[in-house]
């Protein structure tokens with residue numbers, strides 16, 4: 002008996018598969034044996050540590066592939082495997098039926114069946130044992146062969162036999178695969194990034210100034226408020242506006258240059274307030290339905306207390322100076338990296354773990370981790386497992402914009418969500434290809450995308466030159482192609498598109514200066530954002546990322562896709578004009594029967610942004626989108642059930 | 002440092018990859034680390050048991066994928082793995098170049114380089130050590146920075162450093178993967194199946210009668226003569242003509258009903274001659290360049306000595322009788338199967354192994370194994386390994402026409418070649434899809450196809466109704482799509498197409514009666530077979546199966562493909578009209594630059610069957626094939642090298 006290719010798995014089981022509470026796991030395995038014998042198989046699953054396996058019967062599909070499904074109901078890691086055995090009685094039934102149909106004599110075969118039944122009786126108890134013994138007696142009796150045959154191939158006997166299988170020679174798959182289960186927000190979240198120092202519209206903002214933003218963000222439908230580093234900022238080599246090598250008077254510096262005389266990773270920048278102020282913000286946000294996510298950037302300003310207290314944690318150059326961070330020819334003189342492989346690495350790693358633990362104890366449960374790809378994979382695997390052991394509800398977003406395999410590996414070692422290449426995927430072909438890779442390949446088992454159309458570091462060309470329509474399209478695509486998405490908020494709401502010349506970086510970037518955002522401007526996207534987040538909340542089809550189905554369009558500037566909830570009850574369709582400069586129109590193929598719509602019927606599509614409604618009448622429907630008005634449709638698709646009166650379609 | 006997805010591998014290394022002597026192994030691995038450091042990697046390979054690894058530098062391609070190649074030169078199993086490390090000096094050079102280009106000061110960096118060089122010197126000996134020490138001194142000297150920079154980034158220093166790497170922290174891949182190496186015939190062979198009892202044109206043929214066939218088969222280009230079972234045939238329940246349940250007087254029975262009072266699997270049917278006669282046939286065949294393959298069918302007639310001597314090796318029914326073979330509703334009353342899981346299975350398995358050993362000692366090195374899928378995989382894995390240990394040049398062809406995963410598993414556990422679904426793949430789409438699966442997916446690493454257009458069991462519909470053209474096309478496709486192929490010979494040569502009604506079985510099948518083949522008939526395919534086998538022999542492009550590239554055609558009845566030798570020096574193109582009833586014509590896309598032909602040039606295609614020559618002038622060329630004349634082109638493609646005079650094309 003061969004059981005192989007048990008899946009889902011990640012690197013043959015070296016890493017766990019990821020799920021959120023309430024998500025199901027579709028287990029598949031190739032199961033076969035030599036010869037033509039019938040097989041029975043069960044899926045075994047349990048929360049890790051539970052004494053007993055929970056069993057679910059598996060079903061064969063084509064090509065010796067068997068499947069079964071279970072749901073992860075608890076915030077606890079799970080494990081699963083598969084067991085299979087030869088079902089001798091089912092094999093017997095199959096042969097007996099064929100022989101009977103060919104009018105062959107099966108007298109001896111009925112004796113064999115009687116033996117099977119009495120063996121099963123010995124494994125059964127109570128009424129089942131009685132029934133099986135009775136069947137065995139009748140099969141071996143001298144009743145007419147036809148009567149005995151009818152009993153032997155009856156469903157009743159088949160069910161009894163199936164319930165008392167001989168598993169003495171069952172084969173258990175060698176692999177037991179693990180599943181990391183996160184809370185639902187790992188799968189469905191809307192992030193808003195805000196520099197707290199810009200929370201005021203006048204001077205240097207504070208945690209207290211953030212309070213005023215909470216009701217607005219909650220009304221807009223965001224549920225994660227992500228703050229760039231909140232720690233004291235170094236003074237040595239502090240950067241000035243637009244990354245100038247020298248800070249001007251009053252320049253606040255980059256928040257990623259962490260640490261000063263005011264403290265390091267466990268302190269807050271006094272300009273933002275006190276630790277207590279921060280805790281109050283966390284609590285108020287939670288009341289508003291918003292979680293505060295903080296930035297974990299494991300690097301130091303030269304003024305960080307660690308540099309003085311633990312010089313051995315940093316690399317030194319031959320001239321005795323500590324090596325600052327660089328990515329030649331780029332220099333980050335305001336930052337010194339840790340040496341994760343230093344002799345004292347255990348002490349360093351423990352200290353960094355204590356940073357997570359410190360903030361988790363302050364109520365933070367979501368960490369956006371800066372540049373994890375420049376630190377060892379082994380460190381992340383260790384530290385995330387350690388912190389999750391104490392705080393199973395913590396989530397980790399990997400800010401790694403790097404090579405695919407490195408991003409994948411970070412997800413494998415434990416990050417709950419990942420930044421993606423969405424930021425640069427603009428054309429229909431790119432988007433289809435990339436989303437298909439993320440949602441239809443094995444990558445989906447461990448890599449949870451979080452789509453960001455912009456970040457404080459990245460203002461893509463498409464947004465620089467596409468005007469307001471570009472901002473709308475990229476927002477709606479992010480929010481409806483991925484169940485997790487985020488925006489670098491104020492700059493996005495206001496469609497800020499001023500960049501450094503020939504760069505994808507913001508002019509006057511907030512990374513190096515305080516901004517005074519006037520958010521109640523004409524042209525703000527706040528209303529559209531609100532409508533889209535409401536659509537996300539109200540439509541289960543948008544609560545996970547795997548269900549994207551692209552539709553054919555006859556115009557390459559029109560991207561169209563549907564998403565359906567697992568139970569198929571809810572369906573959303575998006576049609577976007579990717580050309581921010583010109584009106585585009587064309588035909589969208591909407592294969593009705595495939596989409597669960599009774600083919601001769603029309604169906605209603607209701608735009609949840611414009612509130613327009615259209616009755617679509619065919620498997621191909623015409624759409625025209627003018628970017629100067631609204632470049633995208635976000636439709637809820639209404640399907641009515643078949644009714645008795647629908648029969649006239651068939652006349 | 003991560004090394005993953007080391008390949009080729011079969012089931013993560015559980016089974017070996019297959020190669021023939023002289024074949025290369027293209028090793029690929031994903032290798033990457035956190036951060037931006039440069040990486041160096043080597044492939045390690047050796048014959049299993051050799052004390053030292055042979056090292057080959059690996060080269061990165063896209064997406065963190067590294068590759069290297071080695072050749073299996075000995076008839077011995079090999080193993081390989083990969084080792085990788087951070088190349089700190091290459092990382093340094095890359096950074097230094099970028100800084101230099103950005104006109105940054107690199108004085109301190111040059112001290113770092115000096116340290117690298119002196120560390121490498123300590124790992125080197127002789128002249129290399131001197132050169133590295135010298136470089137270290139000069140890099141640390143007070144010479145002008147430009148001079149020292151030039152030395153630091155010189156290829157000379159890079160090569161010296163690369164030759165003396167610091168592998169103290171190198172990472173060795175956890176997996177060591179195995180390769181089973183067979184002799185070349187595993188990869189390239191032409192089989193001819195002949196019932197020796199039909200070797201005479203009059204009565205019951207004998208081994209001696211086979212002698213007369215050898216020169217003819219050798220001239221036709223076959224190098225394996227496969228004989229169905231040569232053992233004594235049982236008399237109990239012997240089958241008559243056309244599988245009649247009772248044999249008529251003088252009916253010889255099915256050779257697969259093995260064993261009688263004359264002996265079993267280690268005896269020969271006295272009607273064929275003596276053991277000595279068989280050995281003489283093996284020797285004579287070998288002189289003619291032909292190997293005798295015998296049939297290993299592990300099953301017995303009820304008269305087999307095993308049945309009496311080892312009743313415990315067989316399954317019994319409740320009425321005490323031994324269970325005969327069946328595949329309901331089909332009955333094989335002349336055959337009883339072994340019970341491979343009987344209590345005495347060790348004794349049974351040893352006995353069956355001794356059957357292989359017996360015939361190997363008689364000079365047989367190729368075994369065609371009957372219905373291996375009805376015996377345990379574990380038995381085959383064990384017995385093939387055992388016999389190969391004693392006779393590493395033995396080859397095993399699995400006659401399993403069953404579900405894909407079962408066929409694959411048999412190949413994984415040790416079969417050298419496998420029957421395939423080619424027998425039923427007729428249309429252009431089917432053939433492209435199937436050959437692509439066999440040659441472009443991981444299946445190729447363990448499953449060596451052997452294409453048979455017919456067997457004594459199978460006369461496909463296409464041959465029944467397609468006339469001579471069908472036989473020609475299916476033969477040429479088998480012989481040129483797969484480097485291993487075979488025909489059930491006389492019936493194929495003579496285009497025998499009489500089948501049982503609505504079955505794919507031969508009328509008057511040779512399985513149940515002696516045939517008297519008159520092979521020198523008008524219409525025989527002997528001449529075409531000879532030409533095709535000669536083309537196979539003369540064109541290295543046809544010596545393996547992985548190099549098939551299909552060409553676009555605008556007519557679905559035209560199948561076209563090219564095959565190129567590994568060194569690209571030899572190219573063959575086949576164009577076949579799959580419609581045996583009508584002439585078909587159309588345009589074949591032959592992308593010249595892709596095929597290595599200088600695009601403005603014409604090129605010559607030489608039909609090795611008809612001897613016609615055509616000068617093709619474009620990337621699309623017209624072909625017309627009339628099945629009543631010749632339904633296929635087998636072209637050798639001539640490409641001339643670019644010459645100086647070709648430059649006028651560019652004027």
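Protein chains in written order, with my numbering: chain A, 2 to 652; chain B, 2 to 652. The C-beta atom is built at its ideal place from N, Cα and C for all residues, glycine as well. Owing to the predicted nature of the structure, the values given are computational and were not obtained by experimental measurement.
Cross-strand partners of residue i (DSSP beta bridge)
i: residue 369(B); result: 296(B), 398(B)
i: residue 60(A); result: 68(A)
i: residue 17(B); result: DSSP lists no partner for residue 17(B).
i: residue 606(A); result: 615(A), 638(A)
i: residue 234(A); result: 259(A)
i: residue 301(B); result: 337(B)
i: residue 590(A); result: 621(A)
i: residue 194(A); result: 227(A), 489(A)
i: residue 323(B); result: 317(B)
i: residue 459(A); result: 456(A)
First through last residue of the alpha helix (DSSP H) which encompasses residue i
i: residue 380(A); result: 378 to 391
i: residue 408(A); result: 405 to 414
i: residue 211(A); result: 208 to 212
i: residue 355(B); result: 346 to 362
i: residue 308(A); result: 306 to 310
i: residue 579(B); result: First-last for residue 579(B): undefined, no H or E at that position.
First through last residue of the beta strand (DSSP E) which encompasses residue i
i: residue 286(B); result: Run containing residue 286(B): none in the beta strand (DSSP E); it sits in the alpha helix (DSSP H), 276 to 288.
i: residue 332(B); result: 331 to 333
i: residue 495(B); result: Residue 495(B) -> no beta strand (DSSP E), and no H or E assigned at all.
i: residue 117(A); result: Counting along the chain, residue 117(A) falls outside any beta strand (DSSP E), though it belongs to the alpha helix (DSSP H) covering 108 to 124.
i: residue 561(B); result: 559 to 565
i: residue 27(B); result: 25 to 33
i: residue 41(A); result: 40 to 48
i: residue 90(A); result: Looking at the DSSP string, residue 90(A) is not in any beta strand (DSSP E); the run it does join, the alpha helix (DSSP H), is 89 to 102.
i: residue 552(B); result: 549 to 552
Three-state secondary structure (DSSP) of residue i
i: residue 317(B); result: strand
i: residue 533(A); result: helix
i: residue 177(B); result: coil
i: residue 621(A); result: strand
i: residue 7(A); result: strand
i: residue 632(A); result: coil
i: residue 156(A); result: helix
i: residue 82(A); result: strand
i: residue 472(A); result: helix
i: residue 428(B); result: coil
i: residue 652(B); result: Below a pLDDT of 50, predicted positions are generally treated as unreliable, and residue 652(B), at 45, falls in that range; the measurement from the model is reported next regardless. Coil.
i: residue 143(B); result: coil
i: residue 585(B); result: strand
Spatial neighbours of residue i in its chain, beta-carbon cut-off 7 Å, leaving aside the 5 residues before and after
i: residue 650(B); result: Model confidence at residue 650(B) stands at a pLDDT of 48, short of 50, so the residue's coordinates are unreliable; what they give is reported in the following sentence. Excluding residues within five positions, the ones whose Cβ falls inside 7 Å are 601.
i: residue 422(A); result: 435
i: residue 112(A); result: 141
6 Å Cβ shell around residue i - same chain, five flanking residues per side excluded
i: residue 252(A); result: 241
i: residue 19(B); result: 181, 447
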